[in-house]
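Trainee: Chains as they are written, first to last, in the working numbering: chain Y, 671 to 1057; chain D, 671 to 1057.
Heads up, the beta-carbon is just placed ideally off N, CA and C, and yes, glycines get one too.
Before anything else, here's the structure in question.
Protein chains: 2
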Amino acid sequence: MKNNFFSLLKKDIKTRARIGKIKTPNGEILTPTFVPVGSQATVKSLTPQDLREIGVQVFFANTYHLYLRPGVEVIEKLGGLHKFMNWDRPLMTDSGGFQVFSLGRKNRSSTLSPCANSLVKIDYNGVTFYSHLDGSKHYFTPEKSIEIQQKLGADIMIAFDECAPYPTTYNYAKTAMERTHRWALRSLEAVVVGRRQKQFLFGVIQGSTFRDLRQESAKFISSLAFDGLAIGGVAVGESKKEMAQILDWIMPILQKEKEVCPIHLLGVGEIDDIFTAVERGIDTMDCVMPTRLARVGHILAKRKNFTYDINKSIFANDPSPIDKNCPCYVCHNFSKAYLHHLFRANELLAYRLASYHNLFFIEDLFVKIREAIRKDEFLSLKKQWLK
Amino acid sequence: MKNNFFSLLKKDIKTRARIGKIKTPNGEILTPTFVPVGSQATVKSLTPQDLREIGVQVFFANTYHLYLRPGVEVIEKLGGLHKFMNWDRPLMTDSGGFQVFSLGRKNRSSTLSPCANSLVKIDYNGVTFYSHLDGSKHYFTPEKSIEIQQKLGADIMIAFDECAPYPTTYNYAKTAMERTHRWALRSLEAVVVGRRQKQFLFGVIQGSTFRDLRQESAKFISSLAFDGLAIGGVAVGESKKEMAQILDWIMPILQKEKEVCPIHLLGVGEIDDIFTAVERGIDTMDCVMPTRLARVGHILAKRKNFTYDINKSIFANDPSPIDKNCPCYVCHNFSKAYLHHLFRANELLAYRLASYHNLFFIEDLFVKIREAIRKDEFLSLKKQWLK
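Written out as structure tokens, the structure is:
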């Protein structure tokens, strides 16, 4: 089953997990896969060459950050984001919505409505917010978000949505969802066809932790002419159980209503969450987790909690690689003792080596996951990892 | 002309500049060359793989820093510094003397004697100092310095010396020089032969800015059984003219007394200084300059002052490489606008890319210098660069 954008290559016999292929003008993406986040047009400390070595297939950049700095006109003038950062593989941008709400919402205790005690003002047409960099005032609409993403030249764009805070009231979640739906329609209409190469657009499902809202949103968004679907409003504070439940509610709807269509999970990437998501049919997911952990010395490895702190004194003399099962450049060339030293000495190389390994670890896990789905062994792989 | 350690391959006909080859158990070094400094067993932000790509032939690590952190026992237990940091080419360590005096001398206004208002206490046998990391008390002697450097496994070690502050009195400069000479003899005796592979030892010439002291030191140190010579106490505050003068005083003596012997200049690496030094016969020189400049966004290029600030707004939209004449990875793949953005956004990749380029720039200059000496065109190359 396929269309020009996405093909389904294999379905797991026991779960909703599946192997697919997304085809963009800048190359193909074998799914399921991880999408590392390079908020400011760089995955922290790594070059595009590193990312290719690591096996990264698609790069996720933040519209909000790039709009504020260096500015979309700068990037457009330089030939688009691919050229600006020298990334020649597929590129995904978000709508800017998540950052507008999360970075604008100064008083985190006020979660019932993002507008209370907040710098963010939402109206029917869009959102007024103030730059976290210099306090300057800005206004985003669905049209503006699409315009920016088109100028950036993303292969995959995401429709402007409102991500309600967690926890929130049923009424506020409904209001935010309905706004997201209206904005979804406007985002679709805003796409200027033929402006550049084909840019694909994903619609976002919201609805917080409320079953009927999530299902309504799933049905509505999948009824529209989006190239792909994205699930928003998860990993915003709800429990892992709630996240799994949200996916259980909506993934059957999405896979039924829009069978040959990639489904992206926004902002999720912890190891157990990866299994939860892939099992339920998620094709791609982005997260800052691997690189954020790396910068504080938390190394990913196949062990309890999937991470350990290389700063601990017990590693000062340890000649073994930071992950003995990992074939990456870092594990092949350096010891725990050296990484420990680099972190203790606050050396820049520390963040780079740890980021490289952590990202490789996640990409490598997805290689294993795809292999397992291919062999109908996904559940046994999951059991082996989450025992 | 050659011995087992050093061969002279070519002498410039008009100057003292020369091409040579240093042979160590970890490979050969074609001279003149630059020795980048990796104080804490890493050239800031770069991997050994990067250094090899850049063409770095020999790595300079600081004994003082590594002794304090991670500690010489840690590095020894892990198989030595080469293995610890995964560097398989020649490695040079300093004696620790320079840092002991410079980091221990808290009150910089008291320069006449390093002991006044200072944490450093010098006695006949050695130096008591306090760690800049945790205030712990330590004692270095010539024997201790050699022991540490042997344990680190450096291919080239440097004898423990006292680097007098600048400016200083004639009397203090003389005292420091005489101590350096006594310690030179003790350093030579301290070398435990056959402990590991052959480790070569360089003696240090001191004498501040006083002609008779410098010449006395040059004669004395070159009369001893050192494998190489190092010139210390320069680039400590004296003018560029004074530095050139010091070299004019002593290089003829060194080249005469110890003709087939590499001569290292400690802590010097600005572009004009490189020409000054090579012209007078210097074979190797270490400096933190290229990477230190890089970290604040100062890019090396063949232009006025050999550097410019990539942070400046004029580069925000500039699609050209940071140095249009440079064939390095960074200049081949990224624009000024991208580097400017990375620095403005405080992205870790900024420091890495700028360090890579700056170091490449210096190594590439030395390739040009060796080529020019080979063709007896050193002076015209110098003129072309310093016009």
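Are the stretch 857-871 of chain D and the stretch 802-815 of chain D touching by the rule of at least three beta carbon pairs closer than 8 Å?
Mentor: Yes, the stretch 857-871 of chain D is in contact with the stretch 802-815 of chain D.
Trainee: Work out the CA separation of residue 828/Y and residue 723/Y for me, nearest whole Å.
Mentor: On the first sequence, residue 723/Y is found 53 positions in, with the first residue counted as 1. On the first sequence, residue 828/Y is found 158 positions in, with the first residue counted as 1. Their Cα atoms are separated by approximately 27 Å.
Trainee: Pairing CB atoms from the stretch 698-717 of chain D with CB atoms from the stretch 967-978 of chain D, are three or more of them under 8 Å?
Mentor: no
Trainee: Could you please give me the residues that DSSP links to residue 619/Y through a beta bridge?
Mentor: Residue coverage of chain Y in this structure runs from 671 to 1057, which leaves residue 619/Y outside it and unanswerable.
Trainee: Check the Cβ-Cβ distances between residue 1018/Y and every residue of chain D, and say whether any is below 8 Å.
Mentor: In the first sequence, the residue the question calls residue 1018/Y occupies position 348. For residue 1018/Y, the nearest beta carbon of chain D is closer than 8 Å to its own beta carbon.
Trainee: Excluding sequence positions up to five away, which residues of its chain have a Cβ less than 7 Å from the Cβ of residue 704/Y?
Mentor: Here residue 704/Y refers to the residue found at position 34 of the first sequence. Hits under 7 Å: 939, 955, 1032, 1033 and 1036.
Trainee: Mind listing which residues of the stretch 1004-1015 of chain Y have their C-beta closer than 8 Å to chain D's C-betas, in chain order?
Mentor: 1004, 1005, 1007, 1008, 1010, 1011, 1012, 1014 and 1015
Trainee: Assuming residue 896/Y and residue 871/Y make a contact with CB atoms under 8 Å, what is their CB distance in whole Å?
Mentor: To locate residue 896/Y, count along the first sequence from 1; it is residue 226. To locate residue 871/Y, count along the first sequence from 1; it is residue 201. That belief holds up - the Cβ atoms of residue 896/Y and residue 871/Y are roughly 6 Å apart, short of 8 Å.
Trainee: If I follow the unbroken alpha helix (DSSP H) through residue 957/D, where does it start and stop?
Mentor: Translated into positions along the second sequence, residue 957/D becomes position 287. Note, residue 957/D: premise wrong, no alpha helix (DSSP H); beta strand (DSSP E) at 954-957.
Trainee: Between which residues of its own chain and residue 1030/D is the CB-CB distance below 6 Å, once the five residues before and five after are set aside?
Mentor: Residue numbering aside, residue 1030/D sits at position 360 when the second sequence is read from its first letter. The residues are 724 and 998.
Trainee: In its own chain, which residues sit with a C-beta less than 7 Å from the C-beta of residue 1040/D, not counting the 5 before and 5 after it?
Mentor: Reading the second sequence from its first residue, position 370 is the one you call residue 1040/D. 689, 700 and 702.
Trainee: Do the CB positions of residue 762/D and residue 728/D come within less than 8 Å of each other?
Mentor: In the second sequence, the residue the question calls residue 762/D occupies position 92. In the second sequence, the residue the question calls residue 728/D occupies position 58. Contact: yes.
Trainee: Below 7 Å, is the gap between the Cβ of residue 849/Y and the nearest heavy atom of the ligand ZN?
Mentor: No copy of the ligand ZN appears in this structure; indeed no ligand is present at all.
Trainee: Applying a beta-carbon distance threshold of less than 7 Å, which residues of chain D neighbour residue 755/Y?
Mentor: Here residue 755/Y is taken as the residue at index 85 of the first sequence, counted from 1. Result: 1008.
Trainee: Given a limit of 9 Å on CB to CB distance, which residues of the stretch 946-973 of chain Y reach chain D?
Mentor: 965
Trainee: Write down every uninterrupted run of the alpha helix (DSSP H) in the stretch 813-883 of chain Y whose length is 4 residues or greater and which is fully enclosed by it, in chain order.
Mentor: 840-860
Trainee: Return the chain-ordered list of same chain residues with a C-beta closer than 8 Å to the C-beta of residue 978/D, the five sequence neighbours on each side being excluded.
Mentor: Counted from its first residue, the second sequence places residue 978/D at position 308. Once the five neighbours on either side are set aside, the close Cβ partners of residue 978/D are 968, 969 and 971.
Trainee: Are the C-beta of residue 863/D and some C-beta of chain Y separated by less than 8 Å?
Mentor: For this step, residue 863/D is matched to residue 193 along the second sequence. The beta-carbon of residue 863/D is placed no less than 8 Å from the nearest beta-carbon of chain Y.
Trainee: Is the Cβ of residue 987/Y closer than 8 Å to any Cβ of chain D?
Mentor: Counted from its first residue, the first sequence places residue 987/Y at position 317. Taking Cβ atoms only, chain D reaches closer than 8 Å to residue 987/Y, which makes this a yes.
Trainee: Take residue 1006/Y and list the residues in its own chain whose beta-carbon comes closer than 8 Å to its own, dropping the five residues that flank it on each side.
Mentor: What you label residue 1006/Y is simply residue 336 of the first sequence in a count that begins at 1. 980, 985, 988, 989, 990, 991 and 992, listed in sequence order.
Trainee: Could you tell me which chain D residues have their CB closer than 8 Å to the CB of residue 838/Y, listed as they occur along the chain?
Mentor: In the first sequence, the residue the question calls residue 838/Y occupies position 168. The premise fails here: residue 838/Y is roughly 32 Å from chain D at the closest Cβ pair, so nothing lies under 8 Å.
Trainee: Contact criterion: CB-CB distance below 8 Å. Does residue 711/D meet it with respect to chain Y?
Mentor: As a first step, residue 711/D must be located in the second sequence, where it is residue number 41. So yes, residue 711/D belongs to the interface.
Trainee: Does the distance from the C-beta atom of residue 1062/Y to that of residue 711/Y stay below 8 Å?
Mentor: Chain Y is shown only over 671 to 1057; residue 1062/Y falls outside these bounds and no answer can be derived.
Trainee: Closest to residue 825/Y by C-alpha separation, out of 693/Y, 959/Y, 677/Y and 909/Y, would be which residue?
Mentor: For the purposes of this step, residue 825/Y is identified with residue 155 of the first sequence, where counting begins at 1. Residue 693/Y is the option with its Cα nearest to residue 825/Y.
Trainee: Please look up how many angstroms separate the CB atoms of residue 898/D and residue 934/D, rounded, as I've assumed it's under 8 Å.
Mentor: Residue 898/D sits at position 228 when you count from the first residue of the second sequence. Residue 934/D sits at position 264 when you count from the first residue of the second sequence. Contact annotation, residue 898/D with residue 934/D: C-beta distance approximately 6 Å; criterion of less than 8 Å satisfied.
Trainee: Measure the C-alpha to C-alpha separation of residue 838/Y and residue 878/Y and round it to an integer number of angstroms.
Mentor: As a first step, residue 838/Y is located in the first sequence; it is residue number 168 there, counting from the start. As a first step, residue 878/Y is located in the first sequence; it is residue number 208 there, counting from the start. In a straight line, the C-alpha of residue 838/Y is about 8 Å away from that of residue 878/Y.
Trainee: Given that residue 1021/D touches chain Y, what residues does it touch there, using C-beta distances under 7 Å?
Mentor: What you label residue 1021/D is simply residue 351 of the second sequence in a count that begins at 1. By Cβ distance, chain Y contributes 1018.
Trainee: Have a look at 883/Y, 1057/Y, 928/Y and 720/Y and flag the residue whose alpha-carbon is nearest the alpha-carbon of residue 945/Y.
Mentor: Taking the first sequence and counting its residues from 1, one reaches residue 945/Y at position 275. Among 883/Y, 1057/Y, 928/Y and 720/Y, the Cα nearest to that of residue 945/Y is on 1057/Y.
Trainee: So which residues of chain A does residue 744/D contact, with C-beta pairs closer than 8 Å?
Mentor: Checking the listed chains, one finds no chain A in this structure; the protein chains it contains are Y and D.
Trainee: Hey, how far is the Cα of residue 1018/D from the Cα of residue 848/Y?
Mentor: Translated into the one-based positions of the second sequence, residue 1018/D becomes position 348. Translated into the one-based positions of the first sequence, residue 848/Y becomes position 178. One C-alpha to the other measures close to 40 Å.
Trainee: Is the distance from the Cβ of residue 695/D to the Cβ of residue 820/D below 8 Å?
Mentor: Looking up residue 695/D in the second sequence gives position 25. Looking up residue 820/D in the second sequence gives position 150. Going by C-beta atoms, residue 695/D is not nearer than 8 Å to residue 820/D.
Trainee: Determine the chain Y residues that contact residue 739/D at a beta-carbon separation under 9 Å, and present them in chain order.
Mentor: The residue labelled residue 739/D in the question sits at position 69 within the second sequence. Those are 1011, 1014 and 1015, listed as they occur along chain Y.
Trainee: With distances taken between CB atoms, is the gap from residue 892/Y to residue 964/Y smaller than 8 Å?
Mentor: Along the first sequence, read from residue 1 onward, the residue named residue 892/Y stands at position 222. Along the first sequence, read from residue 1 onward, the residue named residue 964/Y stands at position 294. Going by beta carbons, residue 892/Y and residue 964/Y fall outside the 8 Å limit.
Trainee: So, helix, strand or coil for residue 991/Y, using DSSP?
Mentor: In the first sequence, the residue the question calls residue 991/Y occupies position 321. In this structure, residue 991/Y counts as coil in the three-state DSSP scheme.
Trainee: Going along the stretch 695-720 of chain Y in order, which residues come within less than 8 Å of chain D, judged by CB to CB distance?
Mentor: Correct list: 710, 711, 712, 714, 715, 716, 717, 718 and 719.
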